[in-house]
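Top to bottom, those sequences are chains A and B.
Per the working numbering, residue 1172 is the first one in the first sequence, and the count goes up by one each step.
Per the working numbering, residue 2 is the first one in the second sequence, and the count goes up by one each step.
Glycine residues also receive a C-beta, built at the ideal position from the N, C-alpha and C atoms.
The structure presented is a predicted model; accordingly, all values stated were derived computationally and were not measured.
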Amino acid sequence: MMDERFAQGSSLLHRRDPKAKIIAATAFVTASAITDSFTVATVSFAFSIVLFLLTKLPVQLVLKRLLAVNSFTFFLWLTLPLTYGGSEFITAGPLALSIEGIRLAALITLKTNAIVISIIALLGTSRIANIGHALESLHLPQNLCFILLFSYRYVFVIYQEYRRLVRAAQLRCFVPATSIHTYRTFGYLFGMTLVKSWNRATRVHQAMVLRGFDGRLIPLSQDRYTSDDTIFLSIMLSLTLLLILLNFL
Amino acid sequence: MSKSPIIELRNISYTYPHNSTPILQNLNFSVSDKHIGVIGSNGCGKTTFFQIIVGLLTPDTGQLLFNGENVESKKQLRGLRKEVGFLFQSADDQLFSPTVLEDVAFGPLNLGYSPAAAEKIALETLANLGLSGFEERITHKLSGGEKKLVALATILAMKPKMVLLDEPTNNLDPRTRKRLIDILQGLDLYQIIISHDWDFLDQTSSTLYQVEHGHIHKCQEDHIHVHRHMHKAGDYPHRHVH
């Protein structure tokens, strides 16, 4: 679950400083998200594929993620052509499909996939911990960085605690069904997980205070920002700018 | 004039909120020996005793003295916490940084060391515990035994004069347990160890205290004794009844 599969590697993109990648990703994702031009969406999709190829990560891994994302866009394909309206239609049996609806569904699908692939290629190739520290050095509010780092550290522990409770229930022959007993049991499981997480949070805070924590998380300096990162960032930002200009052609 | 004990508790009473009976009542204790073992049944207040020593809990009545001085201000408490390390029962509660190196360096950074100095201290501490090469490991992916040893490293990196260990051998395999014994025997620090593991206490402490009915008292010397014998699975802690 938390093996950070995408972060394992030593490709060109893996070696880039997370700060550069965060800025590049933010710019690129924004440019891809706001466009309503089919050409721009296609170019950014192609661009995200190129980025992904640079990571040298196995394709089936990313396909699995895309399957999850496209289960959402699938519903757009079901609804938009039927409900969008407009002036042009194609008829398929008893159904009138809106051309503009199809176009919109295709545009959203293209943009969504471009964004997800580029985020995997840019942000997935750094460890969450490094992303957290990079955000901190980019002067994002410290509390937000805390939340990111601590969620990352403890989501796994909390998940395990939840799994332990579910297993304990299963071992006593609990089989989920549509019944009050099931709802109540799941309520207890979630509730107990919440209580346990709260208690753990208290103990973690105590451990931190005992080691001199006073509200500031001082990072072990990891500044590895090199001239290669500057070149990478310049290329990325120029391409993003081109993408934006393409909107006006 | 005799030197004051590093930690002394005078007439400490503590009652948990929403509880009618106090868990500790007029407890008196002073550190008289470098290697102290603490026993007592579950829920008798052993962990509460530790939490009072490091000021995580404020007693209802009584005094906490550190090097003979009454601990009252936050500054004094910080001073005490630098000198007295506390190894929690669960290492998962103690390791919160993504990587081992960051976690071990956390304490020294808070004490005001520069990142470079903190990193050096962290690496030295890890090396002293035989954990070289663990720096970049991800804390939540360590095994239970490794977590325990890294948690100990995070405490020792603060260079304390005293360590409190709360049931350190829980869930440790015999090899890691032996390693912990070797480490503790080699540390020139005041140690107070809570444990149910008699054999472990026998090897790591020279004075034994018992927490009972809200008090703590020294056990008689002849409570601990050693016999040497062997049988299958004999390296696991076990009890003998005579």
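Of all the options B/I193, B/V105, B/D174, B/H197, which has the alpha carbon lying nearest to the alpha carbon of B/K160? B/V105
Relative to chain B, which residues along the segment 1367-1382 of chain A have a C-beta separation below 8 Å, given in chain order? R1371, R1374, V1375, Q1377, A1378, M1379, V1380, L1381, R1382
By a C-beta neighbour count over all protein chains shown, 10 Å radius and 16 as the cutoff for buried, is A/M1172 buried or exposed? Residue placement at A/M1172 is poorly supported in this model, since its pLDDT is 40, which falls under 50; the coordinates are not used for a value here.
Find the residues of chain A that neighbour B/T155, judging by a C-beta separation of less than 9 Å, and give them in chain order. A1378, R1382
Can you name the residues of chain A whose CB is closer than 7 Å to the CB of B/G80? Here the premise fails: no neighbours, minimum Cβ distance about 11 Å.
Would you say the segment 1402-1410 of chain A touches the segment 28-36 of chain B, given that touching needs at least three Cβ pairs under 8 Å? no
At the level of alpha carbons, what is the spacing between A/F1209 and A/R1371? 50 Å
Should A/Y1330 be flagged as near chain B, meaning a C-beta pair shorter than 8 Å? no
B/K162: contacting residues in chain A (beta-carbon distance under 9 Å): Correct list: empty, because the minimum Cβ distance to chain A is about 15 Å.
Quick check: what's the CA-CA separation for B/L112 versus A/F1246? 55 Å
Can you give the beta carbon distance from A/I1291 to A/F1223, rounded, assuming they're within the 8 Å contact cut? 7 Å
Three-state secondary structure assigned by DSSP to B/I24: coil
Taking the continuous beta strand (DSSP E) assigned at A/S1269, which residues delimit it? 1266-1269
Tell whether a beta-carbon distance below 8 Å holds between B/L96 and B/E137. no
In terms of residues, what are the limits of the alpha helix (DSSP H) holding B/Y191? Per DSSP, B/Y191 belongs to no alpha helix (DSSP H); it is in the beta strand (DSSP E), 191-195.
Cβ-based neighbour list, A/R1176, same chain, cut-off 7 Å, excluding 5 preceding and 5 following: L1232
Under 9 Å by beta carbon: chain B residues contacting A/R1324: L96, F97, S98, P99, T140, H141
For A/G1386 and B/G108, what's the separation of their Cα atoms in angstroms? 13 Å
What number of angstroms, rounded off, separates the C-alpha of B/S33 from the C-alpha of A/P1390? 39 Å
Got a sec, what are the start and stop residues for the beta strand (DSSP E) A/A1263 sits in? 1260-1263
Can the beta-carbon of B/P99 be found less than 8 Å from the beta-carbon of A/Y1255? no
Identify the contact partners of B/E103 in chain A, using a Cβ-Cβ distance below 7 Å as the criterion. L1391
Chain-ordered chain B contacts of A/F1327 [CB-CB under 8 Å]: H141
Per DSSP, what kind of secondary structure is B/G145 in: helix, strand or coil? helix
CB contact check: A/L1315 to chain B, cutoff 8 Å: no
With B/I8 as the anchor, note down where its beta strand (DSSP E) starts and where it stops. 8-15
Distance, B/P175 Cα to A/G1383 Cα: 33 Å
When burial is assigned at 16 or more other CB atoms within 10 Å of the CB, is B/S196 buried or exposed? buried
Is B/F67 closer than 8 Å to B/L81 when the C-beta atoms are compared? yes
Length of the line joining the Cα atoms of B/I24 and B/Y15: 6 Å
Partner residues on chain B for A/F1321, Cβ-Cβ distance less than 9 Å: F97
DSSP on A/Y1330, reduced to helix/strand/coil? helix
Which residues does DSSP pair with B/V212 in a beta bridge? B/I217
With DSSP collapsed to three states, give me the class of B/S33. coil
According to DSSP, B/V164 sits in a beta bridge with which residue or residues? B/G86, B/Q192
Suppose you measure from the CA of A/I1361 to the CA of B/H141; what does that come to, to the nearest Å? This sequence places Phe at residue 1361 of chain A; Ile is not what is there. Cα-Cα distance, rounded: 22 Å.
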